Amino acid sequence: MAPNAKSGSNLRNRGANGASAASAKPTVVDDISEADKLRFIKESGLMEKIASSDDPRFKDLSRSTATPGLFAAPTTHAQAFTASLFFVLPLAALYVWFEGLVHQQYGEDVPFATVATGKLPTVVPALLAVVFLVHRWVNTNVVQYGMAMASVGLGARMLYLVLGQHTYGAMLAVPGLAVVWIYCVAQMRLPLALGSLALVFAYTLAYLVGTAEPATEYPDVNMLF
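Set out below in structure tokens:
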């Protein structure tokens, strides 16, 4: 009985050693990088099937494996506020530059530093409120269509002032309209942005055609002889 027991023990040891060696041996899957694994999963269409499933576990998995983009919508108020700061700073600088150009256009000696110190204390909080609200819910249809309608109104009003109202006071309203209009167009979905720009272009064209002066009528050349 002892030799049989010994041989059985040897067989078990060999099996254990073989299993440990097999587990330690790298497989083909281990040689594939994480980026390639994610690419294979996306190309297989598995993530789309998981996203369309009603199982909440699959929805959590889909959100956890999603790759966030550079301008991905924030998920919390703190993230939205932080992201809003990065948008407000260039928008505020653009506002100061636009208003400085208006002053220079009408020969007013108003330095850009004076514009910044005089307008930024009121402009920055207003921009921060607008950008925060838009950026927090930018992926909702209500905000998207609201920005589309607002951009049409802002663009049409701005071009009306630029083309038809050449007074100094009217032109001072252009920088604020231009900054908000640019931000709305940048945040809209591409079809909505193109549609709003087309409507603004159509309004501008109709305005130019409607206000064009009639051509000067020249006398008949034959009447001169």
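Position 121 of the sequence shown, counted from 1, bears residue number 120 in numbering that gives the first Met the number 0, the numbering being contiguous throughout.
All C-beta atoms, glycine included, are put in the ideal place defined by N, C-alpha and C.
Fair warning: this is a prediction, and the values are worked out from it, not measured in the lab.
For residue i, which option in the options has the closest C-alpha, if you only look at C-alpha atoms?
i	options	result
TYR159	GLY209, TYR94, VAL133	GLY209
GLY175	ALA79, PRO110, LEU132, GLY99	GLY99
LEU153	ASP108, ALA79, LEU84, THR203	THR203
VAL179	ALA201, ALA155, GLY163	ALA155
ILE181	VAL151, PRO190, VAL161	VAL151
TYR144	ALA82, LEU189, GLU33	LEU189
LEU88	PHE200, PRO120, ASP108	PRO120
GLY163	GLU42, PHE86, LEU207, PHE85	LEU207
ALA149	GLU42, GLY194, SER43	GLY194
PRO124	VAL109, PHE86, GLU107	PHE86
Below 8 Å on the Cβ atoms is my contact criterion, and I expect residue i with residue j to pass it. Report the Cβ-Cβ distance as a whole number of Å.
i	j	result
VAL184	ALA192	5 Å
ALA91	LEU37	Wrong, their Cβ atoms sit about 39 Å apart, outside the cutoff.
ALA205	PHE131	The Cβ separation is near 35 Å, so there is no contact.
HIS134	ALA82	6 Å
Kindly indicate which three-state DSSP category residue i falls into: helix, strand or coil?
i	result
HIS102	helix
PRO110	coil
ASN32	What sits at residue 32 in the sequence shown is Ser, not Asn. Coil.
VAL234	This structure does not reach residue 234, given that the chain is present from 0 up to 224, and the question cannot be answered.
VAL122	helix
SER61	Per-residue confidence for SER61 stands at a pLDDT of 44, beneath the threshold of 50, marking its modelled position as unreliable; the derived number appears in the next sentence. Of the three classes helix, strand and coil, the one that applies to SER61 here is helix, per DSSP.
LEU10	Interpretation of LEU10 is limited by its pLDDT of 46, a score under 50 that renders its predicted location unreliable; no figure is taken from the coordinates.
TRP285	The structure shown does not extend to residue 285, since the chain is modelled only from 0 to 224, so the question has no answer here.
THR75	coil
ALA20	In this prediction, ALA20 has a pLDDT of 48, which is less than 50 and means its spatial position is unreliable; what the coordinates show is noted afterwards. In the structure shown, ALA20 sits in a helix (DSSP, three-state: H, G or I).
Is residue j closer than 8 Å to residue i when the C-beta atoms are compared?
i	j	result
TYR94	VAL122	yes
PHE225	VAL173	Because the chain in this structure spans residues 0 to 224, residue 225 falls outside the shown range and cannot be described.
VAL129	TRP136	no
GLN104	MET146	no
MET170	VAL101	yes
Measuring only between beta-carbons, confirm whether residue i sits less than 8 Å from chain D.
i	result
TRP180	Although the question refers to chain D, the structure presented lacks it and comprises just one protein chain.
**OP:** Pick out the complete alpha helix (DSSP H) segments inside the segment 141-212, 4 residues or longer, and give them in chain order.
**Re:** 167-170, 173-186, 189-210
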